[in-house]
């Protein structure tokens, strides 16, 4: 018995098949915008990575991660770089004593998105996993199923996603904000949801330019009564909603202001 | 720019790094006991796989899975076979139109376990993810963290794991049962937890041999007041608890009866 692994009927000993990211979703990732051979939002991604490394006890230094990125970043064209950190290869739920954190970089082009989003509401609801809330871990099976539901709504680009308590938490692949009477609101993400880099950047920028913000429990009705709604992520920036559940909306003043601020950091933001 | 993937500083184009199991935990697995070149509990694993394939809309037929297994099963010595099904390679949350379900088989030896378990109680709590409850999906990051907590209790082999509502759900790597006045009880797993193959086999066998069973919400105190407690999984069978939170216990009559029944199917059960 020479081979211990078969993939689709073929013996294949590649260590990637034993990676704990694949075996147990034991890792985290960052999807980062690449511009001019650099990562314009790197300091924000780094902060979130450091928090994840700490929460999940991943034995890796930021110096090693930055060395890894420096080794190929200059070769990259404008696009998206996914950086995945896993706890290494093999073992059961308990990692092997010699497991070494694995760093995976994957680049892809970034196509253009719509300038205004058409958004709906999904029926499937996010669970509550406080052990992992906020982390951008590899457990994205709920998002795959949510994307499948979104694709059953022709012409819709994003959706409000609720949790099992009926609170709006985020979009399928983004965080969500709404403006009501010149105050910017975004959902709390203590039970589930991702602490998005763009979300953090927006909250910080609002403090600097004195736009009042509130992080709180938000329901679907809050979004239906909002003056402005936008989704955001670190790759596509700020995406204003132009139609929410059949109701027309325009890009409002606060959304526009934040888009202008972001344009100083990201192109096509 | 020839390579789009780097792993630990090396260009590495192996498709496994693009597998949706690694990217998004988009798949399921079965850990199966191998004996005499066969899988003694296959019909139970097959039933659970069919349910997962259906719930997650994985486009794969049972005939293809059984062909894949037949291709290498006869070469396997006694041990454990992990069969992983992923939704294939590439894409974002939306799979590529040409994605093809990937079947991965991984064999390992099975070491001997203790004949009686020493069990504790963990502090970290399982979240509620009703979208995925019962499925043996690839999202095992909570289990990795739970195993880490268990390893901080020297000499303990397993633990009662509660959910965020304070109900006992399962062990770290097993389901859990308890006997009270000759009735076998096991937790309901509607909000979280895995519908274990051994759990299903035991509930079925109890019906046949007329041991009364109840599936219900169970608290830690129910286990402390139990006459018998055991953990179980499809690889290690039925594992009686001999010490629970410092309290000594022995292998009781119902546990022994079920072990005898199982021994007709699995060796070292």
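Protein chains in written order, with my numbering: chain A, 740 to 1008; chain B, 740 to 1008.
Note that beta-carbon positions come from the ideal geometry of N, C-alpha and C, so glycine has one too.
Closest Cβ-Cβ distance between residue i and chain A: below 7 Å?
i, result
"residue 901 of chain B", "no"
"residue 801 of chain B", "no"
"residue 745 of chain B", "yes"
"residue 843 of chain B", "yes"
"residue 846 of chain B", "yes"
"residue 879 of chain B", "yes"
"residue 892 of chain B", "no"
"residue 761 of chain B", "yes"
"residue 820 of chain B", "no"
"residue 755 of chain B", "yes"
"residue 749 of chain B", "no"
"residue 765 of chain B", "yes"
"residue 921 of chain B", "no"
"residue 857 of chain B", "no"
"residue 833 of chain B", "yes"
"residue 932 of chain B", "no"
"residue 998 of chain B", "no"
"residue 886 of chain B", "yes"
Taking the alpha-carbon of residue i as reference, which of the options has the nearest alpha-carbon?
i, options, result
"residue 897 of chain B", "B:940, B:915, B:881, B:903", "B:915"
"residue 890 of chain B", "B:976, B:860, B:759", "B:860"
"residue 775 of chain A", "A:800, A:788, A:812, A:752", "A:812"
"residue 877 of chain B", "A:830, A:759, A:1000", "A:759"
"residue 991 of chain B", "B:973, B:939, B:919", "B:919"
"residue 862 of chain A", "A:868, A:911, A:819", "A:911"
"residue 974 of chain B", "B:830, B:821, B:791, B:754", "B:821"
"residue 985 of chain B", "B:751, B:894, B:746, B:908", "B:894"
"residue 864 of chain A", "A:993, A:757, A:959", "A:959"
"residue 840 of chain A", "A:829, A:850, A:846, A:940", "A:829"
"residue 953 of chain A", "A:963, A:942, A:962", "A:942"
"residue 848 of chain B", "A:994, A:956, A:743", "A:743"
"residue 766 of chain B", "B:749, B:799, B:882", "B:799"
"residue 846 of chain A", "A:928, A:770, A:757, A:764", "A:770"
"residue 778 of chain A", "A:855, A:964, A:936, A:965", "A:936"
"residue 763 of chain A", "B:881, B:838, B:801", "B:881"
"residue 772 of chain B", "B:819, B:806, B:750", "B:819"
"residue 928 of chain B", "B:866, B:856, B:806", "B:866"
"residue 998 of chain B", "B:983, B:987, B:855, B:930", "B:855"
"residue 967 of chain A", "A:750, A:858, A:836", "A:858"
Comparing the C-beta of residue i with each C-beta of chain B, is any distance below 7 Å?
i, result
"residue 882 of chain A", "yes"
"residue 908 of chain A", "no"
"residue 784 of chain A", "no"
"residue 870 of chain A", "yes"
"residue 793 of chain A", "no"
"residue 981 of chain A", "no"
"residue 1018 of chain A", "There is no way to answer for residue 1018 of chain A, as the model of chain A reaches only from 740 to 1008."
"residue 828 of chain A", "no"
"residue 924 of chain A", "no"
"residue 905 of chain A", "no"
"residue 866 of chain A", "yes"
"residue 810 of chain A", "yes"
"residue 740 of chain A", "Only weak support exists for where residue 740 of chain A lies, its pLDDT of 44 falling under 50; the value from the coordinates is given anyway. At least one chain B Cβ lies under 7 Å of residue 740 of chain A."
"residue 862 of chain A", "no"
Check whether the Cβ of residue i lies closer than 6 Å to any heavy atom of the ligand NAP, and answer yes or no.
i, result
"residue 926 of chain A", "Because no ligand of any kind appears in the structure shown, any question about the ligand NAP cannot be addressed here."
For my contact list, residue i and residue j are in at a C-beta cut-off of 8 Å; report their separation, rounded to the angstrom.
i, j, result
"residue 788 of chain A", "residue 826 of chain A", "That pair is no contact at about 14 Å."
"residue 907 of chain B", "residue 957 of chain B", "5 Å"
"residue 913 of chain B", "residue 962 of chain B", "Incorrect: roughly 14 Å between the Cβ atoms, too far for contact."
"residue 746 of chain B", "residue 792 of chain A", "So it is not a contact: roughly 18 Å between Cβ atoms."
"residue 781 of chain B", "residue 939 of chain B", "Incorrect: roughly 13 Å between the Cβ atoms, too far for contact."
"residue 921 of chain B", "residue 886 of chain A", "Going by Cβ atoms, the distance from residue 921 of chain B to residue 886 of chain A rounds to 49 Å, so no, they are not a contact pair."
"residue 753 of chain A", "residue 753 of chain B", "5 Å"
Whole alpha helix (DSSP H) runs in the stretch 967-1007 of chain B with 4 or more residues, listed along the chain?
992-1002
Run through the stretch 801-869 of chain A for me and flag every whole alpha helix (DSSP H) of 4 or more residues, listed as ranges in chain order.
801-809
Is the stretch 972-983 of chain B touching the stretch 946-953 of chain B, taking contact as three or more C-beta pairs under 8 Å?
no
The stretch 999-1007 of chain B in contact with the stretch 858-872 of chain B per 3-pair CB rule at 8 Å
no
Identify every run of the beta strand (DSSP E) within the stretch 863-938 of chain B, keeping only runs that are complete inside it and at least 3 residues long; order them along the chain.
897-901, 907-909, 914-919, 922-926
So does the stretch 806-822 of chain A actually touch the stretch 899-907 of chain B, counting three or more Cβ pairs closer than 8 Å?
no
Give, in chain order, every unbroken run of the alpha helix (DSSP H) that is at least 4 residues long and sits entirely within the stretch 752-776 of chain B.
759-763
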